[in-house]
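Below: one structure, written as structure tokens.
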Amino acid sequence: MSQTIDLKVPGTRNRVPVRTTGQWASRFLGLAGARELKKSCGVWVKRCGSINTFGFDQPVDVVFLSADGVVTKVVPGLKPWRMSSCPEARTVLELRAGLASRMNLTPGVEMGLLA
């Protein structure tokens, strides 16, 4: 079952709504099939260190997080039908393309999202 949480943007008072995933099917789908992402929207994929954009129709920003919620890798604008992974990651944020940059998400930033 998925739910929506407000992701705090580091260094600001801003928050971004993201959908969480828990079960296998929702983790597998992520943002696939999302025809039009909301301006500040994404998916937090738990228990995941690699993703693919098979079935996506638009690029997404991919933010890999360690078990303690620290950004380990950012892949801006990952195009459809591609794959990316990060061995250190335990969770992944899939965000609308360009949002990771606007949120100043870079390796080392503490997000507080725990695996």
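The C-terminal residue of the sequence shown carries number 103 in this note's numbering, and the numbering is unbroken.
Note that CB positions come from ideal geometry on N, CA and C, so glycine has one too.
- Segment contact: the stretch -11 to 3 against the stretch 37 to 44, fewer than three CB-CB distances shorter than 8 angstroms; contact not assigned.
- A distance below 7 angstroms between beta-carbons, with the five flanking residues on each side excluded, links Cys74 to the following residues of its chain, in chain order: Gly37, Phe52, Thr60, Lys61.
- Taking 9 angstroms as the cut-off, the Cβ atoms of Asn92 and Val(-3) count as close.
- Boundaries of the beta strand (DSSP E) harbouring Ser38: 38 to 40, taken from the DSSP string.
- Ser72: not part of any alpha helix (DSSP H); member of the beta strand (DSSP E) spanning 71 to 73, first to last residue.
- Closest option to Val63, judged by alpha-carbon separation, among Val6, Glu82, Asp(-6): Glu82.
- A direct Cα-to-Cα measurement between Ile(-7) and Gln46 gives close to 23 angstroms.
- Sixteen is the threshold: since fewer than 16 other Cβ atoms of the shown chains lie within 10 Å of the Cβ of Ala55, the residue is exposed.
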